[in-house]
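Asker: My questions all concern the structure below.
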Amino acid sequence: MDFSLTKEQQMVRKVVREFAEKEIAPKAKEIDLTGEFPRDNVKKMAKADMMGIPYPKEYGGAGGDYISYIIAVEEISRACAATGVILSAHTSLACFPIFQWGTKEQKEKYLVPLAKGEKLGAFALTEPNAGTDAAAQQTTAILEGDHYILNGSKIFITNGGMADIYIVFAMTDKSKGTRGISAFIVEKNFPGFYIGKIEEKMGIRGSRAAELVFEDCIVPKESLLGKEGEGFKIAMVTLDGGRIGIGAQALGIAQAALEEVTKYVKERQQFGRPIGKFQGLQWYIAEMATKVSAARHLVYYAAWRKENNLSYTMEAAMAKLFASETAMEVTTKAVQIFGGYGYTKDYPVERLMRDAKITEIYEGTSEVQKMVIASNLLKM
Amino acid sequence: MNILVFIKQVPDTNEVKIDPVTKTLIREGVPSIINPDDKNALEEAIRIKDEYGGKVTVITMGPSQAEEALREALAMGADEAYLLTDRVFAGADTCATAKTLAKMAQKLEHDIIFCGRQAIDGDTAQVGPQLAEQLNIPQVTYVKEVKIEGDALIVKRALEDGYEMIKVKMPVLLTAIKELNTPRYPSIKGIFEAYREKEVKIVTAADLGIDPQDVGLKGSPTRVISTTTPEIQRAGEIFTGNVKECVQNLVQRLVEKHLI
Numbered sequence: 025m026d027f028s029l030t031k032e033q034q035m036v037r038k039v040v041r042e043f044a045e046k047e048i049a050p051k052a053k054e055i056d057l058t059g060e061f062p063r064d065n066v067k068k069m070a071k072a073d074m075m076g077i078p079y080p081k082e083y084g085g086a087g088g089d090y091i092s093y094i095i096a097v098e099e100i101s102r103a104c105a106a107t108g109v110i111l112s113a114h115t116s117l118a119c120f121p122i123f124q125w126g127t128k129e130q131k132e133k134y135l136v137p138l139a140k141g142e143k144l145g146a147f148a149l150t151e152p153n154a155g156t157d158a159a160a161q162q163t164t165a166i167l168e169g170d171h172y173i174l175n176g177s178k179i180f181i182t183n184g185g186m187a188d189i190y191i192v193f194a195m196t197d198k199s200k201g202t203r204g205i206s207a208f209i210v211e212k213n214f215p216g217f218y219i220g221k222i223e224e225k226m227g228i229r230g231s232r233a234a235e236l237v238f239e240d241c242i243v244p245k246e247s248l249l250g251k252e253g254e255g256f257k258i259a260m261v262t263l264d265g266g267r268i269g270i271g272a273q274a275l276g277i278a279q280a281a282l283e284e285v286t287k288y289v290k291e292r293q294q295f296g297r298p299i300g301k302f303q304g305l306q307w308y309i310a311e312m313a314t315k316v317s318a319a320r321h322l323v324y325y326a327a328w329r330k331e332n333n334l335s336y337t338m339e340a341a342m343a344k345l346f347a348s349e350t351a352m353e354v355t356t357k358a359v360q361i362f363g364g365y366g367y368t369k370d371y372p373v374e375r376l377m378r379d380a381k382i383t384e385i386y387e388g389t390s391e392v393q394k395m396v397i398a399s400n401l402l403k404m
Numbered sequence: 340m341n342i343l344v345f346i347k348q349v350p351d352t353n354e355v356k357i358d359p360v361t362k363t364l365i366r367e368g369v370p371s372i373i374n375p376d377d378k379n380a381l382e383e384a385i386r387i388k389d390e391y392g393g394k395v396t397v398i399t400m401g402p403s404q405a406e407e408a409l410r411e412a413l414a415m416g417a418d419e420a421y422l423l424t425d426r427v428f429a430g431a432d433t434c435a436t437a438k439t440l441a442k443m444a445q446k447l448e449h450d451i452i453f454c455g456r457q458a459i460d461g462d463t464a465q466v467g468p469q470l471a472e473q474l475n476i477p478q479v480t481y482v483k484e485v486k487i488e489g490d491a492l493i494v495k496r497a498l499e500d501g502y503e504m505i506k507v508k509m510p511v512l513l514t515a516i517k518e519l520n521t522p523r524y525p526s527i528k529g530i531f532e533a534y535r536e537k538e539v540k541i542v543t544a545a546d547l548g549i550d551p552q553d554v555g556l557k558g559s560p561t562r563v564i565s566t567t568t569p570e571i572q573r574a575g576e577i578f579t580g581n582v583k584e585c586v587q588n589l590v591q592r593l594v595e596k597h598l599i
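Protein chains in written order, with our numbering: chain A, 25 to 404; chain B, 340 to 599.
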């Protein structure tokens with residue numbers, strides 16, 4: 025048993041942290057206020073080879089390990105959670121299914137530019153009537169000659185409208201239920217593909233959540249990812265990995281809040297001494313630090329299992345559940361400790377609290393994670 | 340174009356402690372970084388390589404953990420790395436250090452040798468110039484701009500009150516200042532390559548064919564008696580009050596100093 029990071033992983037953390045503190049963090053507040061998508065951050069991450077960390081070099085990736093990738097998401101999210109989810113959705117949800125199920129041609133055409141960061145990716149599963157019940161897909165794909173015709177719409181799609189390449193799920197055979205769902209690689213300029221409503225969000229405001237509309241969208245046959253009917257499996261396995269990424273995002277947010285609090289309680293004076301001298305606050309901080317540490321171990325453990333080709337569905341769900349709830353709890357406590365100041369935009373903790381909330385919701389709500397964990401345990 | 344870059348791993352703080360007995364720095368427990376000026380030197384070397392082709396070799400003398408600094412340099416884009424490490428190198432002053440580094444430089448082809456201006460731990464700014472003397476090649480210190488022109492370099496050298504433009508033939512040693520460039524971040528791909536595909540070669544005193552008496556503490560003529568912060572000789576003085584008072588004070592001070 026060895027809990028230490030490798031030299032490589034330590035250097036990845038050091039380099040990404042320095043990068044995030046200098047290049048990403050200074051703009052986090054403004055991105056939150058304006059809700060503007062941080063294209064610049066994406067460009068800089070691409071330049072630093074961060075957009076395809078766990079993929080082989082022959083496919084444009086950095087040729088690194090999964091834990092290094094997870095550390096990068098954590099460190100970027102510690103600086104700016106909106107940028108963190110752009111990285112996580114791109115790497116875990118868009119690159120991964122192409123890497124795992126793509127043909128050689130699909131990998132060369134799509135994974136290479138994605139992993140190099142020349143193009144941005146997105147993953148489109150959720151629909152207005154297919155959220156937690158993801159199997160209730162209403163988007164259809166009908167094969168006509170050498171192409172599929174897609175009709176329907178997706179909502180809340182991270183990187184929607186900003187991405188160049190989308191993994192889109194649609195029903196190819198409604199009679200087969202989940203086995204009738206297929207996955208497609210859709211380029212942003214395929215005819216009949218439109219961007220609809222852009223959501224105005226509570227947190228991670230710089231990231232994009234958009235509606236995708238398919239109106240007789242023409243998708244070449246070669247864009248089918250995997251086989252017809254494999255779509256639901258592709259979505260579920262992809263989300264297993266995505267959850268480790270969101271766990272890392274939540275961890276980064278929680279870590280940032282913990283650091284803000286640690287600094288603040290030493291500076292803030294009440295009753296003639298720093299408030300960190302009061303045992304009530306010390307207990308809060310001890311609990312926060314313990315939970316952040318536990319979350320980190322769960323997230324890294326799930327990443328380690330994935331890296332070592334062990335099953336990780338349940339561990340990823342546990343990591344995501346615990347890390348996101350920790351992020352929510354720690355950021356809420358942080359606002360409380362900052363008091364009135366914490367409720368203002370003069371300090372970053374209210375942003376961290378708003379950013380934390382989504383981690384309990386997307387890529388499977390906390391309740392979904394519990395369903396996954398229980399079904400893995402009980403197998404009934 | 341063969342470029343050697345000599346770097347130093349230094350503690351990442353200005354509050355280093357000094358051993359009261361040996362008067363040398365205590366490095367334990369302080370996070371280590373590549374000396375900032377050395378990073379500028381490395382960046383310039385890699386930039387020149389990117390533009391003109393060639394090879395960048397990075398070299399450091401230090402304990403085994405200095406390998407980390409070399410790995411980081413490799414991750415930034417250096418091609419080869421040498422770690423000069425040997426018990427007999429310990430305690431070297433700038434003279435013994437320069438002698439040791441010169442032995443290494445002589446083993447490698449070089450057109451340009453880059454050093455940082457000075458290290459944030461010792462602040463001597465001596466190793467670069469001494470290395471050039473040991474190698475008997477020209478040196479340009481405080482470099483803020485480099486251009487290549489045939490077999491020569493056009494170098495802009497920063498001075499306190501301006502700059503010099505110097506044309507110098509290669510091989511040459513340059514010492515870099517932070518105004519020279521903004522060092523790149525090591526790329527993430529570069530980190531994996533640095534650990535998996537590149538090698539840090541270990542070099543001992545025996546490998547260099549150097550007499551142990553000439554290096555390390557034994558080869559160091561410098562004896563540190565004590566370390567103090569020099570007093571500021573000249574300091575500005577700000578007069579406050581209204582204009583009339585200020586002018587009166589100013590005139591009075593100038594008269595006192597026999598300046599008017």
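We put the beta carbon where it would ideally sit given N, CA and C, even for glycine.
Because the structure is a prediction, the values reported are computed rather than measured.
1) Consider the Cβ of Tyr-421(B): report whether some Cβ of chain A lies at a distance smaller than 8 Å.
2) Anything in chain B within Cβ reach of Lys-81(A), meaning under 9 Å, just list it in chain order.
3) What are the boundary residues of the alpha helix (DSSP H) that Val-539(B) is part of?
4) Work out the CA separation of Leu-409(B) and Ala-159(A) for me, nearest whole Å.
5) Alpha carbon to alpha carbon, what distance is there between Leu-376(A) and Met-226(A)?
6) Relative to the alpha-carbon of Ala-146(A), which residue among Ala-259(A), Lys-71(A), Lys-394(A), Ile-299(A) has its alpha-carbon at the smallest distance?
7) Buried or exposed: where does Met-400(B) fall if 16 or more other Cβ atoms within 10 Å of its Cβ makes it buried?
8) Could you tell me whether any Cβ in chain A is nearer than 8 Å to the Cβ of Glu-411(B)?
9) Less than 6 Å between C-beta atoms, sequence neighbours within five positions excluded: which residues of the same chain meet that for Phe-120(A)?
10) How close, in whole Å, do the beta carbons of Ile-191(A) and Phe-256(A) come, if the pair is a contact with beta carbons under 8 Å?
11) With a cut-off of 8 Å, does the C-beta of Pro-375(B) fall near any C-beta of chain A?
12) Taking only beta carbons into account, state which residues of the region 497-528 of chain B come closer than 7 Å to chain A, listed in chain order.
13) Give a yes or no on whether the minimum CB-CB distance between Ala-414(B) and chain A is below 8 Å.
14) Would you be able to state if there are at least three C-beta pairs under 8 Å between the region 294-312 of chain A and the region 328-336 of chain A?
15) Using a Cβ-Cβ cutoff of 8 Å, what residues of the region 34-66 of chain A are near chain B? List them in chain order.
16) Helix, strand or coil for Phe-214(A)? Go by DSSP, reduced to three states.
17) Who are the Cβ neighbours of Tyr-365(A) in its own chain at under 7 Å, not counting the five residues just before and after it?
18) Kindly indicate which three-state DSSP category His-114(A) falls into: helix, strand or coil?
19) Run through chain B and tell me which residues come within less than 8 Å of Ala-72(A), C-beta to C-beta.
20) Closer than 8 Å, Cβ to any Cβ of chain B: which residues of the region 253-277 of chain A, in chain order?
21) Quick one: grab the DSSP three-state call for Gln-457(B).
22) What's the C-alpha gap between Pro-560(B) and Val-427(B)?
23) Quick one: Cα of Val-593(B) to Cα of Ile-599(B), how far?
24) I want to see whether chain B comes within less than 8 Å of Ala-340(A), judged by CB atoms only; does it?
25) State yes or no: is the C-beta of Ala-187(A) within less than 8 Å of the C-beta of Lys-221(A)?
26) Using the Cα positions of Asn-175(A) and Cys-241(A), report the straight-line distance between them to the nearest angstrom.
27) Please return the same chain residues whose Cβ sits closer than 6 Å to the Cβ of Gln-393(A), not counting the five positions on each side in sequence.
28) Short check: CB of Ala-326(A) to CB of Tyr-336(A), under 8 Å?
29) Using a Cβ cut-off of 8 Å (strictly closer), state whether Gly-87(A) contacts chain B.
30) Out of Trp-328(A), Leu-401(A), Thr-356(A), Gln-360(A), state which residue places its alpha-carbon closest to the alpha-carbon of Ile-91(A).
31) Just the chain B side, please: which residues come within less than 8 Å of Leu-31(A) by C-beta, in chain order?
32) Out of Arg-37(A), Thr-202(A), Ala-154(A), point me to the one whose CA is closest to Gly-88(A)'s CA.
33) Whose CA, out of Val-316(A), Lys-381(A), Gly-388(A), lies closest to the CA of Met-338(A)?
34) Report, in whole angstroms, the separation of the C-beta atoms of Ala-274(A) and Ile-189(A), which I expect to be a contact under 8 Å.
35) Can you tell me which of the three DSSP states Met-195(A) falls into?
36) With DSSP collapsed to three states, give me the class of Asp-389(B).
Answerer: Result, derived from the coordinates:
1) no
2) Lys-528, Phe-531, Glu-532
3) Element bounds for Val-539(B): not the alpha helix (DSSP H) but the beta strand (DSSP E), 539-542.
4) 52 Å
5) 11 Å
6) Ala-259(A)
7) buried
8) yes
9) Thr-262, Gly-265
10) So it is not a contact: roughly 13 Å between Cβ atoms.
11) no
12) Tyr-524, Pro-525, Ser-526, Ile-527, Lys-528
13) yes
14) no
15) Met-35, Val-36, Val-39, Val-40, Glu-42, Phe-43
16) coil
17) Tyr-371
18) helix
19) Tyr-524, Ser-526, Ile-527
20) none
21) coil
22) 15 Å
23) The sequence shown places Leu at residue 593(B), rather than the Val named in the question. Going from the Cα of Leu-593(B) to the Cα of Ile-599(B) covers about 6 Å.
24) no
25) no
26) 7 Å
27) Ala-341, Lys-344, Leu-345
28) yes
29) yes
30) Trp-328(A)
31) This sequence places Lys at residue 31(A); Leu is not what is there. Within chain B, the residues near Lys-31(A) are Glu-407, Arg-410, Tyr-534.
32) Arg-37(A)
33) Gly-388(A)
34) Contact doesn't hold; Cβ gap of about 26 Å is too wide.
35) strand
36) helix
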